[in-house]
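In UniProt numbering, the protein residues as written are 1 to 354.
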């Protein structure tokens, strides 16, 4: 493996064709001039990669705040790719599939991993059913949960799959348990150049892990809020302070509990939406989330928002405390999403309660 972003691994292939570092500029221009919209995004990134700057600008998804542009060092992106290669035992010549939008960090990093590790990378349009017309077997791929959910019937054409961008539902975890695909849920963000921790969702009847484990050269601690603080010197020059509530197991392992900024204070009781959602997933198969809205008596009251047609929900079969039972249920025909299909909870809820 090389560790210089200007050196492209000789085994790197893009849709079956070998390219050197000097070739990438021309490839990028061809994709921009003649390609489909998703190919134009690939072309733009390749041109950014070979320009004279030691960094690239990447936009965040905006799922938990206002989308913004952040600057990432190319060398840090190479270091991230090498850590992924080491953790997942990826070898030069392995095949990989890019089915995520290259406008965002997850898609960009599939390209970087391929160039650095010498992977044979194929790309397809980043839609919700990326394996629908696939006839090949790939050693490695990355998806969001929605793509995995729509690809269960074909998922065994992927040997190792990382899943990120949103939490995997309990139902989805159960559905991959008996597949031969090794599935890993990831934790990370644009600021950490995608994943810096991985949770094993074991295949073939093994039990899924409850905790995320750090990639090489990454350690954790918590701040006074019990939110995760990430120390990853090879990919971030400063410590990354998050809004993620965690149960810290050790300096390299944690259990994710939820978002600090989504805590609901209902009648003086602090509720973590993600923990309630994990319970509700047993009886709700559509996309949904819980949130708090202003209430004169409680301060905030817990509500449930479901994407789908109105129906009666029976909470009696679940082990919910009185405070965890939604006081009202809203239904949305379609959730408001970011550009890369993450649910925008606040915007969705605001449309329903106006």
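The beta carbon of each residue, even a glycine, is placed where N, CA and C say it ideally should be.
* To do: From the DSSP output, in three-state form, read off residue 222 for me.
  => Position 222 of the chain shown, counted from the first residue, corresponds to residue 222. Here residue 222 carries a strand assignment [DSSP, helix/strand/coil].
* Give the DSSP bridge partners of residue 101, in chain order. => Position 101 of the chain shown, counted from the first residue, corresponds to residue 101. Looking at the DSSP output, residue 101 bridges to nothing.
* To do: Entirely within the segment 257-310 and at least 3 residues each: give me those beta strand (DSSP E) ranges in chain order.
  => The DSSP assignment places 264-266, 269-271, 288-295, 299-307 as complete runs of the beta strand (DSSP E) inside the segment 257-310, in order along the chain (cut-off: 3 residues).
* **Integer Cβ distance of residue 286 from residue 308, believed to fall under 8 Å** => Here residue 286 refers to the residue found at position 286 when the chain shown is read from its first residue. Here residue 308 refers to the residue found at position 308 when the chain shown is read from its first residue. With a beta-carbon spacing of about 4 Å, residue 286 and residue 308 fall inside the 8 Å limit used to define contacts.
* To do: Quick one: grab the DSSP three-state call for residue 144.
  => On the chain shown, residue 144 is found 144 positions in, with the first residue counted as 1. DSSP places residue 144 in coil when its eight states are reduced to three.
* Between the Cα of residue 225 and those of 247, 234, 146, spot the shortest distance and give me the residue it belongs to. => Sequence index remark: in the chain shown, residue 225 carries index 225 (1-based). That would be 247, whose Cα lies nearest to the Cα of residue 225.
* Asked: Should the segment 337-349 be regarded as contacting the segment 312-326, the criterion being three or more beta carbon pairs within less than 8 Å?
  -> Segment contact: the segment 337-349 against the segment 312-326, fewer than three CB-CB distances shorter than 8 Å; contact not assigned.
* Asked: For residue 276, which residues from the same chain have a beta carbon less than 6 Å from its beta carbon, with the 5 sequence-adjacent residues on both sides left out?
  -> On the chain shown, position 276 is the one that residue 276 refers to. Excluding residues within five positions, the ones whose Cβ falls inside 6 Å are 290, 324.
* To do: Tell me whether the beta-carbon of residue 272 lies closer than 8 Å to the beta-carbon of residue 288.
  => The residue labelled residue 272 in the question sits at position 272 within the chain shown. The residue labelled residue 288 in the question sits at position 288 within the chain shown. The answer is no: Cβ separation not under 8 Å.
* **Distance between residue 166 and residue 282 (C-alpha atoms, nearest Å)** => Along the chain shown, one-based indexing puts residue 282 at 282. Along the chain shown, one-based indexing puts residue 166 at 166. Residue 282 and residue 166: Cα-Cα distance of roughly 18 Å.
* Anyone know if the C-beta pair for residue 71 and residue 55 falls short of 8 Å? -> Stepping through the chain shown from its first residue, residue 71 is reached at position 71. Stepping through the chain shown from its first residue, residue 55 is reached at position 55. Yes, the Cβ-Cβ distance between residue 71 and residue 55 is below 8 Å.
* Determine the contact status of residue 196 and residue 230, defining contact as a CB-CB distance below 8 Å. => One-based indexing of the chain shown puts residue 196 at position 196. One-based indexing of the chain shown puts residue 230 at position 230. It is a contact, given that the beta carbons lie within the stated cut-off.
* Residues bridged to residue 60 [DSSP beta-bridge criterion] -> As a first step, residue 60 is located in the chain shown; it is residue number 60 there, counting from the start. According to DSSP, residue pairing for residue 60 in a beta bridge does not occur.
* Asked: Exposed or buried, what is residue 112 when buried is set at 16 or more other beta-carbons lying within 10 Å of its beta-carbon?
  -> For the purposes of this step, residue 112 is taken as the residue at position 112 of the chain shown. Classified as buried, residue 112 has 16 or more neighbouring CB atoms from the shown chains inside 10 Å of its CB.
* Asked: Would a C-beta distance cut-off of 8 Å place residue 199 and residue 212 closer than the cut-off?
  -> Translated into positions along the chain shown, residue 199 becomes position 199. Translated into positions along the chain shown, residue 212 becomes position 212. Against a cut-off of 8 Å, the Cβ pair of residue 212 and residue 199 comes out as a contact.
* Which listed residue (338, 241, 161, 29) has its alpha carbon closest to that of residue 84 -> As a first step, residue 84 is located in the chain shown; it is residue number 84 there, counting from the start. Nearest C-alpha to residue 84: 161.
* Asked: What is the rounded straight-line gap between the Cα of residue 191 and the Cα of residue 215?
  -> Within the chain shown, numbered from 1, the residue matching residue 191 stands at position 191. Within the chain shown, numbered from 1, the residue matching residue 215 stands at position 215. For residue 191 and residue 215, the distance between alpha carbons rounds to 15 Å.
* Asked: Around the Cβ of residue 121, are there at least 16 other Cβ atoms within 10 angstroms (buried) or fewer (exposed)?
  -> If you number the chain shown from 1, residue 121 lands on position 121. Buried, since its Cβ has 16 or more Cβ neighbours within 10 Å.
* Asked: What did DSSP end up calling residue 342 once you bin it into helix, strand or coil?
  -> Along the chain shown, one-based indexing puts residue 342 at 342. Here residue 342 carries a coil assignment [DSSP, helix/strand/coil].
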